[in-house]
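**Student:**
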Amino acid sequence: MTTAGRLITLEGGEGGGKSTHCATVAAWLRRRGRQVVETREPGGSPLAEALRGLFLRDWDEGIDACTETLMLFAARAAHLHATIRPALASGRDVVCDRFVDASYAYQGAGRGVSRQWLAALEQQVLGATRPDLVLVFDLDPRIGLERTHQRGDENRFEKENLRFLDRVRNAYLDRARAEPERYAVVDATQPIEVVRNNIETVLETRM
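Okay, structure coming up:
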C-alpha cells in the first residue's frame, strides 16, 4: 500500500522569498529519497495557470473582492484535481508556493471578505486536504516592497498600499499562532543563506 505524500506550503507577504525557497524545501526532501512535485498558486495545472493569468492582470474595470475570491478557489479546485491530490495519492510530496492561507490573508484580512464564506469555500474545495506544514515567511511589508521594486515586474498585489499589506502580514501571523503545531514562522529579513538554514532546521524538526 502506498503511503500518502505530504503537502508543504510556503506563505507570506510580497518580497519574502517564498518562490526562491520552494527549491530549498524540495531539495531537502529529495536528499532524503522523497519524490517531490513543486507547484504554485494560483496555477499548478493548465487550467489553473490560465486562471492565474486572468487573476493577476490589471483590468480596466478592476476585480472586486468577490470575483477575486471565486477565481482563486476555482483555480485551487483545478489545481487540487489535476496536480495535488494525484501526487499525494501516489506517495509524492507536494511543495506549493501559496495555498489556502493566502485567501484568508489577502482576500479575508486584506479585502474584507467574510471569514465564514472563506471557510465554506475551503470546506467545499479542499475537503480533507490540508497542508501538513505551513512555512510563513515573515517580514515588514516595507522591506518586502523595496525588494519587489528592485526586482521589477510588479504584479497588482505588489502595488497595494502598506495598510493592506500590514493586514495581510498580521493575518498570517494570527493563523500561525492559532496552530503552532502545523505552522512555522520564518524570519524572511535575514540573508538568504541564513533563511535557508533556518528552513532546514524547521524541516528536520517537523518532518
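All residue numbers for the sequence shown refer to this note's numbering, where the first residue is 1453 and numbers rise by one. Quick reminder that beta carbons are idealized off the backbone N, C-alpha and C, glycines included. Small disclaimer: the values here were computed from a predicted structure and weren't measured.
(1) Since E1490 sits in a beta bridge, which residues does DSSP pair it with?
(2) Measure the C-alpha to C-alpha separation of E1574 and V1552 and round it to an integer number of angstroms.
(3) Do the region 1566–1581 and the region 1612–1629 touch if we need at least three Cβ pairs shorter than 8 Å?
(4) Closest to E1598 by C-alpha separation, out of G1468, A1580, Q1559, would be which residue?
(5) I need the DSSP call for E1463, collapsed to helix, strand or coil.
(6) Would DSSP call D1590 helix, strand or coil?
(7) Residue range of the alpha helix (DSSP H) that D1516 falls in?
(8) For P1494, collect the residues of the same chain with a Cβ closer than 7 Å to its Cβ; drop the 5 residues on either side in sequence, then sort them by chain order.
(9) In the structure shown, what three-state DSSP assignment does D1639 receive?
(10) If you follow the alpha helix (DSSP H) that L1532 is in, where does it begin and where does it stop?
**Tutor:** Taking the coordinates as given:
(1) Translated into the one-based positions of the sequence shown, residue 1490 becomes position 38. The partner list for E1490 (beta bridge, DSSP) reads V1547.
(2) As a working note, residue 1574 is residue 122 in the sequence shown. As a working note, residue 1552 is residue 100 in the sequence shown. About 7 Å.
(3) no
(4) The count along the sequence shown starts at 1 and reaches residue 1598 at position 146. Taking only the C-alpha atoms, the option nearest E1598 is G1468.
(5) As a first step, residue 1463 must be located in the sequence shown, where it is residue number 11. E1463: strand per DSSP, three-state reduction.
(6) Counted from its first residue, the sequence shown places residue 1590 at position 138. The answer is strand: DSSP assigns D1590 an E or B state.
(7) Indexing the sequence shown from 1 puts residue 1516 at position 64. Neither: D1516 is in no alpha helix (DSSP H) and is coded neither H nor E.
(8) Numbered from its first residue, the sequence shown carries residue 1494 at position 42. Correct list, in chain order: A1500, L1503, R1504, F1507, L1524, A1527.
(9) For the purposes of this step, residue 1639 is taken as residue 187 along the sequence shown, with counting starting at 1. Judged by DSSP in its simplified three-state form, D1639 adopts strand.
(10) What you label residue 1532 is simply residue 80 of the sequence shown in a count that begins at 1. Counting along the chain, L1532 falls outside any alpha helix (DSSP H), and DSSP gives it neither H nor E.
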